[in-house]
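In UniProt numbering, the protein residues as written are 1 to 268. From the three backbone atoms N, C-alpha and C, an ideal C-beta is built for every residue, glycine too. Quick notes on the structure that follows.
As structure tokens, this is what we get:
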């Protein structure tokens, strides 16, 4: 493994750009992690690079745990596809509204009710709730006592599981999810199905990106893709299993930005 993927990536991606997909996580990859997720944004030079890449490559898509429309707001770039809700929503170029899996959409009310009840009990700790439709995220980054928040949310996770929901941990966030099969990898497979795309690049920073790595690897084995390059974003919070599963590493969002801007050089 090397921390300088650019030479090999440029060679691989330049062979046939029209059949190449560039797939990018949002928070922690394109957008720096911030205390309040509502304040996240992608720097303007990176937005410009993404637009150039979307004109040159067969597909540029952002793959996020946010709702697809919120991911588009954060990224702020047109001409891209957006997979939201960890693979349960799709917002394609030209679409005004995202297409949402109806099975998951039916779980929106019970998930949000469970999260609202949890946050009422824990409001004094400063835990923040993010509404993602059929997913609810409870953030504790930057609270006065992060350890106390984590301990309290462990109880929330147990109660959610007892109620038939799914508790999923991320970087200083607990997500309450429906008991349905969906993840970023499944969303990517759905988006790429029946397309002429043969090569894929995926860049991610968190545990949910491991599903994307695994699914792309499976698609290569099954013959759906000729190759897939998996890049992990190094940070103090990067999951070891993500780093171990990656083909290459880049250092932080700055490393991602530098890579994308280099890929966009000379493209209009």
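Between residue 19 and the set 248, 219 and 197, the nearest pair of CA atoms involves 197. Taking residue 165 as reference, the option from 106, 203 and 142 with the minimal CA-CA separation is 106. For the region 111–184, the full-length beta strand (DSSP E) segments reaching 3 residues or more read 128–132, 135–139, 166–170 and 173–177 along the chain. Its Cα nearest to that of residue 32, the residue 206 stands out among 162, 206, 246 and 144. Residue 54 is not a Cβ neighbour of residue 260, given a cutoff of 8 Å.
For the pair of segments examined, the region 205–219 was found to touch the region 179–192: the number of CB pairs separated by less than 8 Å reaches three. Where residue 210 is concerned, there is no enclosing beta strand (DSSP E), although the alpha helix (DSSP H) around it starts and stops at 208–221. Residue environment: residue 89 is assigned as buried (16 or more neighbouring CB atoms within 10 Å of its CB, all protein chains considered). Residue 81 counts as buried, since at least 16 other C-beta atoms from the protein chains shown sit within 10 angstroms of its C-beta. In the structure shown, residue 37 adopts helical secondary structure according to DSSP, grouped into three states. With respect to the 8 Å criterion, residue 233 and residue 204 are classified as neighbours on the basis of their beta carbons. Distance between residue 16 and residue 148, taken at the CA atoms: about 51 Å. Beta-bridge partners assigned by DSSP to residue 23: 61 and 202. Three or more beta-carbon pairs drawn from the region 243–252 and the region 217–234 are found closer than 8 Å, and the two stretches are therefore classed as touching. Where residue 255 is concerned, the enclosing alpha helix (DSSP H) starts and stops at 252–264.
Taking 8 Å as the cut-off, the Cβ atoms of residue 114 and residue 160 count as close. Around residue 237, the same chain offers 171 as residues with beta carbons nearer than 6 Å, after the five sequence neighbours per side are excluded. As computed with DSSP, residue 99 is found in a beta bridge with 90. Residue 224 and residue 119 have their C-alpha atoms roughly 43 Å apart. In this structure, DSSP gives residue 84 an extended state, which the three-state scheme calls strand. Residue 197 sits in coil when the DSSP states are folded into three classes, being neither helix nor strand.
In this structure residue 47 does not touch residue 79 by the C-beta definition: roughly 11 Å separates them, more than the 8 Å allowed. Looking at the DSSP output, residue 10 sits in no beta bridge, so it has no partner there.
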